[in-house]
Structure formats: structure tokens, C-alpha cells
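From first to last, the protein sequence lines are chains A and B.
Using full-length UniProt numbering, the first residue of the first sequence is number 1, and each one after it goes up by one.
Using full-length UniProt numbering, the first residue of the second sequence is number 1, and each one after it goes up by one.
Using N, Cα and C, we set each Cβ at its ideal position, and we do this for glycine too.
The structure presented is a predicted model; accordingly, all values stated were derived computationally and were not measured.
Structure, as C-alpha cells:
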Amino acid sequence: MDAILIQILNGLDKGGAYALIALGLTLVFGTLGVVNFAHGALFMLGAFCAVITQKLLTVSKLVKDESITFFDAYKETPYLELWWGDFGKTIIDWSVPISILLTVPLMLLIGLSMERGLIRYFYKRSHAEQILVTFGLAIVLQEIVRSLFGANPIPTPAPSIIAGSAPIGAFLGLDEALVYPWWRLIYLLFSVFTVSAVFAFLQLTTFGMVVRAGMHDRETVGLLGINVERRFTIVFGIAAVVTGLAGAMYAPILSPDYHMGMDFLVLSFIVVVVGGMGSLRGAVAAGFLLGLLQSFASMNEVKSILPGIDQIIIYLVAVVIILVRPRGLMGRKGVMEE
Amino acid sequence: MSDKKFSELSRRGFIKVGTGAMAAASMPMFFVKNAWAKNFRNDPKDANSVKFGFNVPQTGAYADEGADELRAYKLAVKHINGEGDGGMLNTMKPLTLKGTGVLGKKVEYVTGDTQTKSDAARASAKRMIEKDGVLMVTGGSSSGVAIAVQGLCQEMGIIFMAGLTHSNDTTGKDKRRYGFRHFFNAYMSGRALGPVLKKEYGTDRKAYHLTADYTWGWTQEESIKQTTEELGWKTVATVRTPVGAGDFSQYITPVLNSGADVLILNHYGKDMINSLTQAIQFGLKDKMVDGKQFEIVVPLFSRLMAQGAGDAIKGILGTTNWNWQLQDEGSKAFVKSFGQEYGFPPSMAAQTCYVQALLYADAVERAGTFYPPQVIKALEDFNFDGMGNGPTYYRGADHQCFKDVLVVRGNQNPTSQFDLLQVEQIVPRDQVEYDPKIFGGELGPYEV
Numbered sequence: 001m002d003a004i005l006i007q008i009l010n011g012l013d014k015g016g017a018y019a020l021i022a023l024g025l026t027l028v029f030g031t032l033g034v035v036n037f038a039h040g041a042l043f044m045l046g047a048f049c050a051v052i053t054q055k056l057l058t059v060s061k062l063v064k065d066e067s068i069t070f071f072d073a074y075k076e077t078p079y080l081e082l083w084w085g086d087f088g089k090t091i092i093d094w095s096v097p098i099s100i101l102l103t104v105p106l107m108l109l110i111g112l113s114m115e116r117g118l119i120r121y122f123y124k125r126s127h128a129e130q131i132l133v134t135f136g137l138a139i140v141l142q143e144i145v146r147s148l149f150g151a152n153p154i155p156t157p158a159p160s161i162i163a164g165s166a167p168i169g170a171f172l173g174l175d176e177a178l179v180y181p182w183w184r185l186i187y188l189l190f191s192v193f194t195v196s197a198v199f200a201f202l203q204l205t206t207f208g209m210v211v212r213a214g215m216h217d218r219e220t221v222g223l224l225g226i227n228v229e230r231r232f233t234i235v236f237g238i239a240a241v242v243t244g245l246a247g248a249m250y251a252p253i254l255s256p257d258y259h260m261g262m263d264f265l266v267l268s269f270i271v272v273v274v275g276g277m278g279s280l281r282g283a284v285a286a287g288f289l290l291g292l293l294q295s296f297a298s299m300n301e302v303k304s305i306l307p308g309i310d311q312i313i314i315y316l317v318a319v320v321i322i323l324v325r326p327r328g329l330m331g332r333k334g335v336m337e338e
Numbered sequence: 001m002s003d004k005k006f007s008e009l010s011r012r013g014f015i016k017v018g019t020g021a022m023a024a025a026s027m028p029m030f031f032v033k034n035a036w037a038k039n040f041r042n043d044p045k046d047a048n049s050v051k052f053g054f055n056v057p058q059t060g061a062y063a064d065e066g067a068d069e070l071r072a073y074k075l076a077v078k079h080i081n082g083e084g085d086g087g088m089l090n091t092m093k094p095l096t097l098k099g100t101g102v103l104g105k106k107v108e109y110v111t112g113d114t115q116t117k118s119d120a121a122r123a124s125a126k127r128m129i130e131k132d133g134v135l136m137v138t139g140g141s142s143s144g145v146a147i148a149v150q151g152l153c154q155e156m157g158i159i160f161m162a163g164l165t166h167s168n169d170t171t172g173k174d175k176r177r178y179g180f181r182h183f184f185n186a187y188m189s190g191r192a193l194g195p196v197l198k199k200e201y202g203t204d205r206k207a208y209h210l211t212a213d214y215t216w217g218w219t220q221e222e223s224i225k226q227t228t229e230e231l232g233w234k235t236v237a238t239v240r241t242p243v244g245a246g247d248f249s250q251y252i253t254p255v256l257n258s259g260a261d262v263l264i265l266n267h268y269g270k271d272m273i274n275s276l277t278q279a280i281q282f283g284l285k286d287k288m289v290d291g292k293q294f295e296i297v298v299p300l301f302s303r304l305m306a307q308g309a310g311d312a313i314k315g316i317l318g319t320t321n322w323n324w325q326l327q328d329e330g331s332k333a334f335v336k337s338f339g340q341e342y343g344f345p346p347s348m349a350a351q352t353c354y355v356q357a358l359l360y361a362d363a364v365e366r367a368g369t370f371y372p373p374q375v376i377k378a379l380e381d382f383n384f385d386g387m388g389n390g391p392t393y394y395r396g397a398d399h400q401c402f403k404d405v406l407v408v409r410g411n412q413n414p415t416s417q418f419d420l421l422q423v424e425q426i427v428p429r430d431q432v433e434y435d436p437k438i439f440g441g442e443l444g445p446y447e448v
């Protein structure tokens, strides 16, 4: 029972990340009709917003280690710590949550620049051309990050007060040894909140209504005199912010490195395909479903019956879904079915 | 008279003419070294220079390690050609290189990107051999890559001086006559760690292994399991994880209620950084199991990995091939050269690559030829010193180097950004030696 509970939590937590990434991808595909292979790079850039924030907050006074003569080695003490003591330490400790303040404007700017500067020229091109150009963009972005930060992952810890585990066993009256990391619980709540906020924005605002109408029938909305394109540009910016936030908040779970976007790219596309291209609800549902399946497939009891199932489960589900229901779980009829 | 004369001439003449003919026949060989060698691939003949092929990861997860390997190779080329301060050429014993290139030819190099993928690494090595005409291929940061490239080099008759590869298979079941490894292996890590684990954590422990699902992970798991079970530890589970899994949480959660009190992470690079960080987030470092403190062991790690893991690596035990803080003359000479050239200390990958390049060059100089079978024979059973880790032996039976192994701990109180590993113990070479037969495999022929 304890093992199942913890795998459910783990699956939901993984699913939260998948859903957030797939949500941004679906928003872009649903509105602009663009298959954005640079989406993983946006996730990576979001994670590096956390890294940049941490680096800015830990600008340090360097004291040279005189015992080393062949090169310069330093003991580093952050200025914030020198100036404000424990308060400075606390600010540094909370660098990941603080990074949200940088992530939102920076990712919005990156999203808008990407759409206006490149993506819009490919609206009427084939999906193959869109994939090529966005994939190329992803490579350029990741190489820029590599040249600035190197290839090694950069440790970006969660605040120390929530860096450990929550005694969920004790909370629920189960085995006291049952624990789960605080930051992962926070990430799960954060993903639920962000997904809800995006849905509320689309459902409850006039802007959202126009976007939804445009997603359904772009031409008719345009004929009504509404500048759909401008709204879709903003949607691209919002998708970049959502994905960037997903990346920044994921930094304590997965130390950011320049290649992490590519690692998530395939996965996020599978989530979107399983959920149904262009379906926001489908993306979210598929994210959580695949997260749970992956988590359960990794249980030793399951692996002893089906060795290696943990490594193929997601792809297996994708194959079955594409064969049985090409439009995905909640995809609209006619979208990507041929 | 004439008969007598003929008979005398015949006897003396035979000795004189025979001796003269033999001397005359051997003269060219004596003066022109190894003129007996037949044609071989990429024979430099009268060229003024020779090329080495540096096949390192320039993209992918190990790009930083690859960049460090490349820096070391460039430094090695400088020193072989007599430029710079000479580095380990000042400390290596015995030394045949003269600082004038190799056999009077200047050393040049070409580079390739392994991408840490076996197929890409083979393609890159093949290109360097066929198109660039390299005499020797070296480098890499993965056992999968090393084994793949080593196989190709055997087929093509080009010597491969492996970079960072820790799988027992590289010089075990997949060993090749044309492949040589200076780096230590998983078996040696187990032998070196065993006594320290016993001293630190006792003999009544339950271990849970998370293992990268490829050759290196499998052999490390096998070696560490063997060592810990000899100590009296029980193995609760051995779980294989996909390379590059990123999030290992679904593999860590079953550890929590498995009854294990030690987690052994047979992961390297990014996988190790992620799995260790996540294991600590799951509270494993603070966990108590049946009154015992839960422990995490990472049998192989490096300074670059410690840098990536941040605070998570502090206090964690493991082994490493070499560390820049070693105080032997060879290590100091290399750190000085590398530090002055690049402004920071070399990694263990850089050290093994630098040493491999010098060892190949020195073997050619000793053999007096670039002809691979003779160079191989010069490397086999070669004893040397002054290149870090004490007196070292390149065993002919499996082409594995034997030297002292370092047991290290993530430094709790670093004095600088490079002071990340604390050497707990230098385990003498004789404690990590083994019979080459235990891993099987065949080296294959000298002539291909």
C-alpha cells in the first residue's frame, strides 16, 4: 500500500512536469498550427533563468588561495552574505523561487521575439519545414547556453528549509518512514495551479475566448475584424512563459544543463500526440497518465514480470494510441489523422 | 695443388664470404631501424610529421570532460615536440623520448567528436584513420565508446589508447591487441573501496544498487556487489536504469521501504549527478534503518562530477583514478604545465589522456618504428614511474595498467572552487591486482 501510494505521488509529480511542457506545446500548435521543436529549448532556457538568478545572487568576493601557485584558486564568499549576513544567506538560499521574477519577463520577451523574428515566417509552410527551422533554432539556443555555462550540470538547490522530505506517512497515519520530497510536492501544486490558471485565462477572459475561437476557426474570426495574429503572438509568449516556469521550478529536481531541452522534447511530443494534437485538456490528461504509467512500470514487482517495461512504457502507449486512435485521446477529428 | 687451394679457399672463403655477406645483409637494418617491417596502414615513410587522432566527446553530456581531454592532448603534443616546459617528460622513468617529436618526426593531430555514442565515435575514428591518416587513435569518456572504437582499431590495425573507460570489459572480455587502457577499472574500484567500506560502515549492511544499463554499469555493479558480499553485506536489489533517465525518482522510491541501508549508485556523469541529488531530496542521507544511518556510495566519481553535484557529494565515498592534489613529482609537473597553460587544474580524464599520448609516443621511440606490432610489444609489460599514482605496470596479458588507486570523499570544507575531493586513502597497486583470466576475452593477433 505504501509503495503504491508513493508511486502514485511520483507519477502525479512527473505528470505535472509533462503536462506543463505539453501544455505550452499544444497552445502553440493549437493557435499557430506550428510544430515547435524549439519547445524543449524554452524549457531549458527557463531552467537557466534559475541558474542566472543564482549566479547573480552569488556574485562573490574572491580570496586567493596563496598555497596554489600554478593557477588561480579562490575561496568565494557571496557579497550578499558579506553585506547582510544571515539575511543575505537566506536570499541566496531562495534563489530558485526568486528566479520566477526573472523568468516571467525574460521568457515572455524570448517567446515574443521568437515568434515575431522567426516563427511567423513559417505559418504557411509545411510541418516538415517548421520542424526543420525550429529544430535548428533549438540547436542554436542550446549551443549558446553551452558556450556561456559549459556542458556540466549546474547544481541549483531548493531552499534548504524545503530541500528535504515531507513525512507524508506521519501526516496520513501510515508508516512513518514514508516520505516524499517537499520540492516535488510543491512542483505538483505549482503545475496544477499553472495549468488551472491557463485554463481559467482561456475560459474566463475575452482574450481567451477569441483565442479559443481562433483555434477552432481562424478564418471566420479574422473575417469578424479581430486581429487574431496579434493575439496568437501573445499566446506564443504565454506558452514560452509557462514552459520557462516549468523549467525554472524543475531546476532543483534536475540540475540544469544545456542539453536538457532535447531530453524533454521527445517526451513532450509523445504527451501531445497521446493527448491529441491541439487539445489542451488532452495534453494535461496525457501528461498525468504517462507520468503515472511510467512510475508504476518502474516498480520492481512490475519489472520482475516484464523486464525493461519501465524503459519502453511511454513509447508503447504512444504506439497503441496512434494505431487505435490516431487523433489521440482528446484530439479533434481530422487533426493529424492522415 | 689446385685441389688443395680450392679446398683451403672453400673452407676459409666460406667463413669469410659468409660472415661478410651476413654483415652486409644486416647493415641496412642496423642503420635504418626496422627496415624489416612490412607495409602498414598510414605508414608515415619519409614524411616530416605524423598525426595522432584525438577522439573525444565535444558535444553531449561529457563535452566538458572531452574539452579537458583535448586540452591535455594538446599539451602532450607540445611536450613531445619539445615545446613548453616538458611536463611529465621531466619525471617519466624510463624515458626514451627526446623532445624532438617521435622518431624525429613532428607530431600533429586531428580531432573527432565521439558524442558519447558508439556509432558516432566509430565513424569519427574511421574518418581520422582513412582520411587524415592518423597513426594512433585516443580519447573518449565512455566504456561503450571505448569498446566500439577499440574493435574498429583492431580491424584497421591502428593502435587505440583508451581515454576514460572504467568497465571491466574494456580490458576483459572485449580486450583487443590494439587497445590499451591506462585508466583503472570497476574491479579495482571494488578492491580499493572494500576495506574502507568495512571500516566506515561495518560488515552488517544491506545494499541496494541502481545501475546504468550498459557495459560499464553492469561490470561495476558486479564488482562492487562481489566486494560488499565478501565483507558480509547482503544485496537487497540490483535495479537497472536507462542511461540519461534524468529523473530517477521512480527508481529511488522503491529504495525507501526496501529495508536497504546503503544505496550504491553505479552511475556516472549527468546520471550520477541527478540520481545522487534526487536520492538526497528523498531524505536517504538522513534516514535511519534499524538503528543504522543510511549511507550512499558512488564507486566512481571525479572532480568535474563533484562540481556538478554541488553539496550533494559532500561526505560521499568513492574512488577516482587521479587527483590534481597528489604530491608525487609526475602529478606536480603535469598540474604545473596544465595550470599555467589553461588557468585551472586538470581533471582525471585529462591526466589519463595526457599519459596515454606520452606512453604511445615513448613506445614508438623505444620500438624504433611506427609499425604497430612492434609498438604494441614495446607497450606490453612496460614498467614506468613518474606519471602519477606511483610505479605503474602496463600488463601484457590484457593491456590494463596497474597503479595505486585513490579512495576519495566529497570534501566537506573546500578551500577553493577546485578543492572538491578529499583523498581518504591511496590504495597500493598490489591490493587491486588480479588474474587476467577472471574476465576472459582474447587479445587477438599482432598482425592484422
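Item: To the nearest angstrom, how far is it from the Cα of B/Phe31 to the Cα of B/Tyr360?; Value: Bear in mind that a pLDDT of 45 at B/Phe31, under 50, signals an unreliable position, so the number given afterwards is only what the model happens to contain. Roughly 23 Å separates the two Cα atoms.
Item: Using 9 Å as the limit for Cβ to Cβ distance, is A/Met260 near chain B?; Value: yes
Item: Quick one: residues in its chain with C-beta nearer than 6 Å to the C-beta of A/Met262, no 5 flanking neighbours on either side, listed in chain order?; Value: Gly40
Item: Assuming contact is defined by CB atoms lying nearer than 9 Å, are B/Val262 and B/Val297 in contact in what I supplied?; Value: yes
Item: So that I know if they touch, is there some Cβ in chain B lying closer than 9 Å to that of A/Trp94?; Value: no
Item: Going by the CB atoms, is the gap between B/Ala146 and B/Ala162 shorter than 9 Å?; Value: yes
Item: Could you give the DSSP three-state label for residue 451 of chain B: helix, strand or coil?; Value: Only positions 1 to 448 of chain B appear in this structure, which leaves residue 451 of chain B out of reach.
Item: Taking all protein chains shown into account, do 16 or more other C-beta atoms lie within 10 angstroms of the C-beta of residue 450 of chain B, making it buried, or fewer, making it exposed?; Value: A question about residue 450 of chain B goes unanswered here, because the residues of chain B that appear run from 1 up to 448.
Item: Please list the partners that A/Ala3 has in chain B, where partner means a Cβ-to-Cβ separation under 9 Å.; Value: Thr253, Pro254, Leu256, Asn257
Item: At the level of alpha carbons, what is the spacing between B/Ser144 and B/Asp174?; Value: With the sequence shown as reference, residue 144 of chain B is identified as Gly, and Ser is not the correct amino acid for it. In a straight line, the C-alpha of B/Gly144 is about 11 Å away from that of B/Asp174.
Item: Under the rule that 16 or more other beta-carbon atoms within 10 Å means buried, what is A/Trp83, buried or exposed?; Value: exposed
Item: State yes or no: is the C-beta of B/Asn257 nearer than 8 Å to some heavy atom of the ligand ADP?; Value: Ligands are entirely absent from the displayed structure, and the ligand ADP is therefore not among its contents.
Item: Only counting runs of 4 or more residues, tell me where the alpha helix (DSSP H) segments fall wholly within the stretch 329-369 of chain B, in order along the chain.; Value: 329-342, 348-367
Item: Look up A/Arg327 in the DSSP assignment and say whether it is helix, strand or coil.; Value: coil
Item: How is B/Asn323 classed by DSSP in three states: helix, strand or coil?; Value: coil
Item: Are B/Ser249 and A/Lys14 touching if we call contact CB-CB under 9 Å?; Value: yes
Item: Using a Cβ cut-off of 7 Å, which residues of the stretch 229-252 of chain B contact any Cβ in chain A, in chain order?; Value: Ala237, Val239, Pro242, Gly244, Gly246, Asp247, Ser249, Gln250, Tyr251
Item: How would you label B/Thr253, buried or exposed, when you count the other beta carbons within 10 angstroms and need 16 or more for buried?; Value: buried
Item: Go through its chain and collect everything with a Cβ distance to A/Ile8's Cβ below 6 Å, but skip five positions before and after it.; Value: none
Item: Out of B/Gly388, B/Ala397, B/Arg366, which one is the CA nearest neighbour of B/Phe183?; Value: B/Gly388
Item: Mind pulling the chain B residues with CB within less than 8 Å of A/Val302?; Value: Simply none; closest approach about 10 Å.
Item: Who are the Cβ neighbours of B/Glu365 in its own chain at under 8 Å, not counting the five residues just before and after it?; Value: Thr96, Leu97, Lys98, Val102, Leu103
Item: Can a CB atom of chain B be found closer than 9 Å to the CB of A/Lys75?; Value: yes
Item: Is it buried or exposed, B/Glu295, if we count other Cβ atoms within 10 angstroms and call 16 or more buried?; Value: buried
Item: Please list, in chain order, all residues of the same chain as B/Asp85 whose beta carbon is under 6 Å from its beta carbon, the five residues on each side excluded.; Value: Ser337
Item: Please name the residue in A/Phe264, A/His216, A/Ile322, A/Phe48 whose C-alpha comes closest to that of A/Leu106.; Value: A/Phe48
Item: Is the CB of B/Phe52 under 9 Å away from at least one CB in chain A?; Value: no
Item: Buried or exposed: where does B/Asp435 fall if 16 or more other Cβ atoms within 10 Å of its Cβ makes it buried?; Value: exposed
Item: Taking C-beta pairs closer than 7 Å, name the residues in chain A that B/Lys336 reaches, listed in chain order.; Value: Phe70
Item: Report yes if the CB atom of B/Gly217 is closer than 9 Å to the CB atom of B/Ala306, and no otherwise.; Value: no
Item: Enumerated in chain order, which unbroken segments of the alpha helix (DSSP H) with a length of 4 residues or greater are wholly contained in the stretch 103-180 of chain A?; Value: 127-149, 168-171
Item: Out of A/Leu102, A/Ala158, A/Phe122, A/Tyr258, which one is the CA nearest neighbour of A/Glu143?; Value: A/Tyr258
Item: If you draw a straight line from the alpha carbon of B/Leu443 to that of B/Leu135, how long is it in whole angstroms?; Value: 20 Å
Item: I want to see whether chain B comes within less than 9 Å of A/Lys14, judged by CB atoms only; does it?; Value: yes
Item: Measuring only between beta-carbons, confirm whether B/Asp435 sits less than 9 Å from chain A.; Value: no
Item: Contact between the stretch 272-286 of chain A and the stretch 18-26 of chain A is defined here as three or more beta-carbon pairs at a separation below 8 Å; is this criterion met?; Value: yes
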